[in-house]
Amino acid sequence: MRTTFDFSPLFRSSIGFDRMLNALETASRIETVDNWPPYDIAKTAEDDYRITMAVAGFSQDELAITQEQNMLMVSGQKAGEDKGEYLHRGIAGRAFQRRFELADHVKVVGASLVNGLLTIDLKREIPEEMKPRRIDIAADSATLKGTTKKIEAEKHAA
1 MRTTFDFSPL FRSSIGFDRM LNALETASRI ETVDNWPPYD IAKTAEDDYR
51 ITMAVAGFSQ DELAITQEQN MLMVSGQKAG EDKGEYLHRG IAGRAFQRRF
101 ELADHVKVVG ASLVNGLLTI DLKREIPEEM KPRRIDIAAD SATLKGTTKK
151 IEAEKHAA
């Protein structure tokens, strides 16, 4: 049984949330769930995040991390096929592509591969012009004194 949500009422009363509502709509349409390679997402500080992926058997040269606008893509492709004869093969070596939707102003600040774990560090950096700022309210000096300013014009005869 499939349930579809209609987000159109939210579009009428929300301003600037188009991308978020579209992301919710897209997430509700995802058909298959691929859970390989396994990964963790952790919030390490107020504006810092870390993605840890278990990519056993992949080297640095076989992994690629790409960020395009609000999308982080991690992919892996084995360089060559191992021709050995296996009695049991439990370490997955298949190609993969994992996508992560990033919020606005989230940037990749580093990545490392240690002991089969790929760690990607992310940071949300909000530009100064987008940070909340206090607006001073100026008082009109004429209103405070109880008088109004008059504009006078002289009549000139030509």
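Residue numbers (UniProt numbering): 1 to 158.
Glycine residues also receive a C-beta, built at the ideal position from the N, C-alpha and C atoms.
Note that the structure is a prediction, hence the values are computed from the model and not measured.
Status (buried if at least 16 other CB within 10 Å, exposed otherwise) for residue i
i: Gly80; result: exposed
i: Met1; result: Any reading at Met1 must be qualified, since the residue scores a pLDDT of 48, below 50, and its modelled position is unreliable; no value is offered.
i: Gly76; result: buried
i: Met73; result: exposed
i: Val106; result: buried
i: Pro37; result: buried
i: Met53; result: buried
Reduced DSSP category for residue i - H, G, I as helix; E, B as strand; rest coil
i: Glu101; result: strand
i: Glu68; result: strand
i: Asp121; result: strand
i: Met1; result: Confidence at Met1 is low in this model, with a pLDDT of 48, below 50, so its placement is unreliable and no value can be given for it.
i: Asp47; result: coil
i: Ala42; result: strand
Proximity winner among the options, relative to residue i (alpha-carbon distances)
i: Val55; options: Lys78, Gly116, Lys83, Glu128; result: Gly116
i: Gly93; options: Pro132, Lys78, Ile41; result: Lys78
i: Ile126; options: Asn35, Lys43, Ala103; result: Ala103
i: Ser59; options: Glu101, Asp40, Ala95; result: Ala95
i: Tyr39; options: Arg133, Ser112, Asn70, Arg98; result: Arg98
i: Asn70; options: Pro132, Glu101, Asp140; result: Glu101
i: Ile41; options: Ala138, Arg133, Leu118; result: Leu118
Proximity test, Cβ basis, 8 Å: residue i and chain B
i: Asp121; result: Of the chains in the structure shown, none is chain B; there is only one protein chain.
ask   = At a cut of 8 Å, does the stretch 82-91 reach the stretch 64-72 through at least three beta carbon pairs?
value = Verdict: no, contact absent.
ask   = Do the stretch 119-135 and the stretch 34-49 make contact, defined as three or more Cβ pairs closer than 8 Å?
value = Here the stretch 119-135 makes contact with the stretch 34-49; the two share three or more CB pairs at distances below 8 Å.
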